[in-house]
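Read through the structure below, which is laid out as structure tokens, and then see the notes.
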Amino acid sequence: QNGAWDEYTRRQYPSFVGWNQISSDLLADSDPDNDLSPTGAQKLYTWEHRRTAVNDQPDYIIDVGVGGPIPLIGKSLGDLRFFASYQREREMLLIPLTQDDYLSDSYSLQLASDISKSMKLTITGLMGTSYTVAINDGDEGFLTNEFGPNDNRPYILWTPTTFIRTPEEIAKTTAERRSGRIFSDGWYNDAMISHKSIGAKLTHTINPNTYYDLSLEHISRKYKTGPIDERDYTKNNEIIPGYFVDESPYGWSPYSKSALGDVEPFS
Numbered sequence: 002q003n004g005a006w007d008e009y010t011r012r013q014y015p016s017f018v019g020w021n022q023i024s025s026d027l028l029a030d031s032d033p034d035n036d037l038s039p040t041g042a043q044k045l046y047t048w049e050h051r052r053t054a055v056n057d058q059p060d061y062i063i064d065v066g067v068g069g070p071i072p073l074i075g076k077s078l079g080d081l082r083f084f085a086s087y088q089r090e091r092e093m094l095l096i097p098l099t100q101d102d103y104l105s106d107s108y109s110l111q112l113a114s115d116i117s118k119s120m121k122l123t124i125t126g127l128m129g130t131s132y133t134v135a136i137n138d139g140d141e142g143f144l145t146n147e148f149g150p151n152d153n154r155p156y157i158l159w160t161p162t163t164f165i166r167t168p169e170e171i172a173k174t175t176a177e178r179r180s181g182r183i184f185s186d187g188w189y190n191d192a193m194i195s196h197k198s199i200g201a202k203l204t205h206t207i208n209p210n211t212y213y214d215l216s217l218e219h220i221s222r223k224y225k226t227g228p229i230d231e232r233d234y235t236k237n238n239e240i241i242p243g244y245f246v247d248e249s250p251y252g253w254s255p256y257s258k259s260a261l262g263d264v265e266p267f268s
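Note that this note's numbering gives residue 203 to position 202 of the sequence shown, counting from 1, and the numbers run on in steps of one.
This is how it looks when you write it as structure tokens:
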């Protein structure tokens, strides 16, 4: 705190009283179950903050399409032809949250037929699913003066949508003192967004100067969000001789818990 670091460097590092002092405080409180030596306290901290970033996986986009005339029956159905495509997009998140990446799968199929010399019918089907991360909050978290439309601060901590994906969205949401947002995989929710659509378009050419289109389309979307699997509270991990802990910080937990060395709820 009083060294040669400038203000901006100091902000990156929280104050730390040392493992000797933390051990002394644990031994002095009224809870006999948390008595730890300085080395034990350090190992517990390391265990609770053991999650690491995934930095060896690539982003990628796979985009494949194939089309042409329908064999055998296509000629008798107005030169029926098709085009089918598949796309998968993967983007690694800035830091792992409930999952390591954003993933999206999309499928499409289009059929076209010349039902007469002046009429063309096109049928299109689309479907896909996206797997992403949702902020674990209700409407009250977005509609207050602090984070809502009446917030006049120069920066906003919450995004307008409940889904977070981009580096900027993740950095804004996790930029605070609760380290559980980074080291726990249960702070946020998994989200699955699926969509389906089917449509038909009829084009009728009346003469070289006049034509009309008739279109009909049905679109449906489904949103599913929820916590990841609940944490296993069985204390079967012996991090130091005779001292057992559960699998925290992994798994969702409805109970607020402070990790060693953190002043705010951790998970």
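Even for Gly, the Cβ is constructed at its ideal location relative to N, Cα and C.
All values derive from a computational prediction rather than experimental measurement.
DSSP state of residue i mapped onto helix, strand, coil
{"i": "Trp48", "result": "helix"}
{"i": "Ser105", "result": "strand"}
{"i": "Ser77", "result": "helix"}
{"i": "Ile116", "result": "strand"}
{"i": "Arg182", "result": "helix"}
{"i": "Ile171", "result": "helix"}
{"i": "Thr10", "result": "helix"}
Nearest residue (CA-CA) to residue i, options the options
{"i": "Ala192", "options": "Thr163, Arg11, Asn35, Gly66", "result": "Thr163"}
{"i": "Lys136", "options": "Leu95, Leu98, Tyr189", "result": "In the sequence under discussion, the amino acid at residue 136 is Ile, which differs from the Lys named in the question. Ranking Leu95, Leu98, Tyr189 by Cα distance to Ile136 puts Tyr189 first."}
{"i": "Lys118", "options": "Pro250, Pro209, His219, Leu217", "result": "Pro209"}
{"i": "Thr123", "options": "Gly200, Leu95, Ile220", "result": "Gly200"}
{"i": "Val134", "options": "Tyr103, Tyr213, Thr40, Ser109", "result": "Tyr103"}
{"i": "Ile71", "options": "Gln13, Asp247, Arg12, Asp80", "result": "Asp80"}
{"i": "Gly66", "options": "Leu98, Leu45, Tyr108", "result": "Tyr108"}
{"i": "Gly227", "options": "Ala42, Pro255, Tyr46, His50", "result": "Pro255"}
{"i": "Lys223", "options": "Ile96, Ser195, Pro15, Lys121", "result": "Ser195"}
{"i": "Leu112", "options": "Gly75, Leu94, Asp7, Ser131", "result": "Gly75"}
{"i": "Phe83", "options": "Gly68, Met93, Thr206, Glu92", "result": "Gly68"}
{"i": "Ile207", "options": "Met120, Glu169, Ser180, Asp247", "result": "Met120"}
{"i": "His50", "options": "Asn56, Asp57, Ala42", "result": "Ala42"}
Burial state of residue i (16 or more Cβ within 10 Å)
{"i": "Phe17", "result": "exposed"}
{"i": "Phe184", "result": "buried"}
{"i": "Tyr156", "result": "Any reading at Tyr156 is ruled out, since the residue's pLDDT is 49, under 50, leaving its predicted position unreliable."}
{"i": "Trp20", "result": "buried"}
{"i": "Ile23", "result": "buried"}
{"i": "Ile220", "result": "exposed"}
{"i": "Ile171", "result": "buried"}
{"i": "Leu215", "result": "exposed"}
{"i": "Ser257", "result": "exposed"}
Sheet register partners of residue i (DSSP bridge)
{"i": "Ser131", "result": "Ser105, Ile194"}
{"i": "Glu90", "result": "Ile62, Ser105"}
{"i": "Gln111", "result": "Phe84, Thr125"}
{"i": "Ile165", "result": "Val134"}
Neighbour flag for residue i against chain D, beta carbons, 8 Å
{"i": "Leu78", "result": "Reference to chain D is not applicable here, since this structure consists of a single protein chain."}
- Where are the beta strand (DSSP E) runs, 3 residues long or more, that stay fully inside the region 184-262, in chain order? The beta strand (DSSP E) runs lying completely inside the region 184-262 and spanning 3 residues or more are 190-208, 211-227, 238-241, 244-246, given in chain order.
- Message: Suppose only complete runs of 4+ residues qualify. What are the alpha helix (DSSP H) ranges in the region 12-70, listed by chain order?
- Response: Listed in chain order, the complete alpha helix (DSSP H) runs (minimum 4 residues) inside the region 12-70 are 20-29, 39-49.
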